[in-house]
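To convert, count from 1 in the sequence shown and add 53; that's my numbering. We put the beta carbon where it would ideally sit given N, CA and C, even for glycine. Model, not experiment: these values are computed from the prediction.
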Amino acid sequence: MRNWVKITLTLLLALLISGCSTKNLGEGNKPKIDETLEVIDSGSIRTISGITSIAFEWQKVDDSRVIGYNLYRANLSEESTKLKLVNFIENRYASHFLDEDLTPNTKYAYTFSSGTANDIESKPTKTFQVMTLPQPEGIAFIQAISNLPRQIKIIWRPHESEAIEYYKVFRSTPQDSDWEKLETLDGRLQAEYIDTKLKDNIVYLYKVVAYTFQDIPSLDSEIVKAQTKALPAGVQNLTATNNQPKKITLNWEPSPSVDAVRYIIYRNTTPDGSFSELKQINNATFTYEDFINEDGKRYFYKVTTIDKDGLESSPEVNPVMGITLTKLNKPILTLAQIQGEKAILNWQPGDNRAKFYNIYKTIKDSFFKTRKEKYTNITDLRFEDKDIVRGVEYQYAIEAVDENGIVSEKTNETLLVLPKLLDK
């Protein structure tokens, strides 16, 4: 019997070489053994394993010198397996203790000793081994759904264990090794998360981890990936006219995106800068007339595609330029003179679009009084005005008009006067 005690004490001293006090875990003092102190009956010790904790139950001792119990522990998966004091249970009448913050699925060695007020310990109980439970398995099924507009939907099968209280959803990318926590979802029966405000046409990675009521994580789920929907394709072969009166007509070929629902037309006065929305039209229309009450007006245009999810094709495309039909070049006056009793005007067209001409006549009746007359739809290149009076000043200007009613600028006014007859 004495030999067994000596062997036990020798083993205990070797295991406790790291040195821990019965009262303070960090002091590092060598334990003082009193073989007469009552020790916990090793056969009375019972354990229940958790994932990160182990519960102990024992039969208390009756020795009045004992004020509590020392619990020694060694992690058998570590390089050093020496038993170290982890707690002093300061009450002789205590018979239960929970050792927490342990590593899942790990084997530990334990022993108890009784302790007195002056840091004397009993010989230890038999060393016994207990293993923590493994982490909960990861969720059994997870899926990430692609081709959604700027979002990805993750669904999974609720964890089978009723010990699960909540889930955490994590995101990464194929180019990034770090995982970002997105959300904590309460409730074991949660089965869905939608990740929003994502970039277009990008691949993302996801995993879901379940957590117990004690905040113990399960194993990671399978890593799943999905890709956000790409922007719709823009229209093709956009053109704008430059030869139509008071309007610019746009034409294009439809977007190849099968779910295009409408087009947006943008306009700007320059090819750069901010384009303003001009019109939205349905996906069955591939032309648009921009009516502009100005000749020779230039605009730049872009047309984008909107799909059924409201995504818009990229506006970063080269604009096309359109111009309304310009004014005609004004006629070229070649002759303006009085011949006999009439005023004669001759001119050249100045523009091959000219179809007819308007003549503007200003009559100066006196220093303070003038009148104006207009002669329209003149098709010749000559005008004779017999309605003139001697001694009165007349000024003439000519403008050209094309078939669309677009007029040129007027020629400079030319002054003609039929002189008064001299008195004999």
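In the three-state reduction of the DSSP assignment, residue 458 falls in the coil class. Three or more Cβ pairs closer than 8 angstroms define a contact, and the stretch 293-313 falls short of that threshold against the stretch 231-239. Taking the C-beta atoms as reference points, residue 166 is found no nearer than 7 angstroms to residue 113. One thing to note: residue 407 has its Cβ within 7 angstroms of the Cβ of residue 453. Nearest to residue 324 by C-alpha distance, out of 254, 301, 373 and 314, is 373. Going by C-alpha positions, residue 359 is about 47 angstroms away from residue 403. Proximity of the stretch 416-426 to the stretch 386-393 falls short of the contact definition, fewer than three beta-carbon pairs being nearer than 8 angstroms. In this structure, the beta-carbon distance from residue 377 to residue 299 falls below 7 angstroms.
Taking 7 angstroms as the cut-off, the Cβ atoms of residue 219 and residue 264 count as close. The C-beta of residue 443 has fewer than 16 other C-beta atoms within 10 Å across all chains shown, which makes the residue exposed. Residue 448 holds the alpha-carbon nearest to the alpha-carbon of residue 425 among 448, 140, 409 and 410. Counting the other Cβ atoms within 10 Å of the Cβ of residue 247 gives fewer than 16, which makes it exposed. About 7 angstroms separates the beta carbon of residue 98 from that of residue 181, a gap short enough to meet the 8 angstroms contact definition. Annotation: residue 303 to residue 455 spans about 23 angstroms, alpha carbon to alpha carbon.
Straight across, the Cα-Cα distance linking residue 434 with residue 384 is about 9 angstroms. Residue pairing for residue 296: DSSP places it in no beta bridge. Within the same chain, and ignoring the five residues on either side of residue 85 in sequence, the residues whose Cβ sits closer than 7 angstroms to its Cβ are 172, 173 and 174.
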